[in-house]
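Trainee:
If you want it as structure tokens, here you go:
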């Protein structure tokens, strides 16, 4: 008989507390019009690669908080059909930037504000069905953001936030496929410790966006080679993670054994519970219900998917000591769709269902002995 497994439930994690803290700090400094201090903090945090415990860049959180009021006001005006009023908060940011034109931290805030409002203009409509006026507004906002960012070199300034913003411009490019790999390679080389950039690259390399499955596999392996000393094979996982969540066909070319090796390397190098929850939610929820395939009948992608899904057992048994419900709530559904999820309650349910399926070392299924708001106790 294996000993009971006690897993704490953390509705409020350090990651979420830190995220709120830096978003609020950015918003506060903008409301106080203390742009010089805001720009200094963004530049400092960026150069020092400071992140929350879960790996979110603090510089980008400050910038997001700082633009929140302007973006919110612009989007509200768009909803009301008042295009002129929608431009007013952005013009105020322009005026402020003209006084601090050499501060790339402040420039990041303004460029990202234009991009966010541009995306709101575009909405969810495909490009070929978007009304002409919306398409024009979308392009104008992204062109303005491009012109702001073009004045600054991310490498000369040692500023990965600028490189990340340039990658975000790809959505408005006429031929993004020609740039996506190179732009993300620059970003990852600037900040190889961050899985956030690798995950974004993999998603953008899918056929439904700017790439294909062959390019996804190639760039995943190239990224492993460039980050081997940091992540081992872990970059193979990070590049594929969101892509596999979104597009199950990406399993066709996946090297499942290499992916499993990458999972081991990640939890060895980054054993924090936020990272472990991200991997557990992917293998235990997003890939939930993956049957053990008949080796003689299953398609290769089904075999690969099942092999990766089985990794949840050792991730949960050997590495999961806390459940972070919001991480589980944000995970993609098994069919690759992100559906509305009622925050912590939904995340708890997803985690509990997954954990109840974990076998112990003797392959006897675990069952829930006790479920309380603060912990889950499992036993064989």
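In the working numbering, the protein residues as written are 356 to 735. From the three backbone atoms N, C-alpha and C, an ideal C-beta is built for every residue, glycine too. None of these values were measured; they are calculated from a predicted model.
Tell me which same chain residues have a C-beta within less than 6 Å of the C-beta of residue 662, skipping the five on either side of it?
Mentor: Against the chain shown, residue 662 aligns to sequence position 307. Cβ neighbours of residue 662 beyond the five flanking positions: 611.
Trainee: Taking the C-alpha atoms as reference points, what is the distance between residue 489 and residue 527?
Mentor: Here residue 489 is taken as the residue at index 134 of the chain shown, counted from 1. Here residue 527 is taken as the residue at index 172 of the chain shown, counted from 1. Answer to the nearest angstrom: the Cα atoms are 13 Å apart.
Trainee: Tell me the rounded alpha-carbon separation between residue 356 and residue 714.
Mentor: Numbered from its first residue, the chain shown carries residue 356 at position 1. Numbered from its first residue, the chain shown carries residue 714 at position 359. Bear in mind that a pLDDT of 42 at residue 356, under 50, signals an unreliable position, so the model cannot answer this.
Trainee: Pick helix, strand or coil for residue 529, following the three-state DSSP scheme.
Mentor: The count along the chain shown starts at 1 and reaches residue 529 at position 174. Residue 529 falls in the coil class under three-state DSSP.
Trainee: What does DSSP give as the partner residues of residue 631 in its beta bridges?
Mentor: Taking the first residue of the chain shown as position 1, residue 631 is located at position 276. According to DSSP, residue 631 bridges with nothing at all.
Trainee: Is residue 677 helix, strand or coil by DSSP?
Mentor: Locating residue 677 in the chain shown gives position 322, counting from the first residue. Strand at residue 677.
Trainee: Would you identify the three-state DSSP class for residue 487, choosing helix, strand or coil?
Mentor: The count along the chain shown starts at 1 and reaches residue 487 at position 132. In the structure shown, residue 487 sits in a helix (DSSP, three-state: H, G or I).
Trainee: Would you kindly work out how many angstroms separate the C-alpha atoms of residue 369 and residue 408, rounded to a whole number?
Mentor: Locating residue 369 in the chain shown gives position 14, counting from the first residue. Locating residue 408 in the chain shown gives position 53, counting from the first residue. Spanning the two alpha carbons is a distance of roughly 7 Å.
Trainee: Taking the beta carbon of residue 706 as the centre, do at least 16 other beta carbons fall within 10 Å, making it buried, or is it exposed?
Mentor: Taking the first residue of the chain shown as 1, we reach residue 706 at position 351. With 16 or more Cβ atoms within 10 Å of its Cβ, residue 706 is classed as buried.
Trainee: Under three-state DSSP, which class holds residue 714?
Mentor: The sequence position of residue 714 within the chain shown is 359, counting from 1. Here residue 714 sits in strand by DSSP.
Trainee: Where does residue 660 sit, in a helix, a strand or coil, going by DSSP?
Mentor: Reading the chain shown from its first residue, position 305 is the one you call residue 660. In the structure shown, residue 660 sits in a helix (DSSP, three-state: H, G or I).
Trainee: Would you please verify whether the beta carbon of residue 362 is less than 9 Å from any beta carbon of chain C?
Mentor: Here there is only one protein chain, and chain C is not present.
Trainee: Have a look at residue 466 and residue 512 and give me their C-alpha separation to the nearest angstrom.
Mentor: Start at 1 with the first residue of the chain shown, and residue 466 comes out as number 111. Start at 1 with the first residue of the chain shown, and residue 512 comes out as number 157. Roughly 17 Å separates the two Cα atoms.
Trainee: Rounded to a whole number of angstroms, what is the C-alpha to C-alpha distance between residue 571 and residue 587?
Mentor: If you number the chain shown from 1, residue 571 lands on position 216. If you number the chain shown from 1, residue 587 lands on position 232. As the crow flies, the alpha-carbon of residue 571 is around 18 Å from that of residue 587.
Trainee: Judging by CA-CA distance, which residue of 565, 558, 499 is the nearest neighbour of residue 771?
Mentor: The requested residue 771 does not occur in the structure, where the chain is confined to residues 356 to 735.
Trainee: List the whole-angstrom C-beta distance separating residue 452 from residue 462, where the pair is believed to meet the contact cut-off of C-beta under 8 Å.
Mentor: Walking along the chain shown from the start, residue 452 turns up at place 97. Walking along the chain shown from the start, residue 462 turns up at place 107. About 6 Å separates the Cβ atoms of residue 452 and residue 462, confirming a contact at the 8 Å cut-off.
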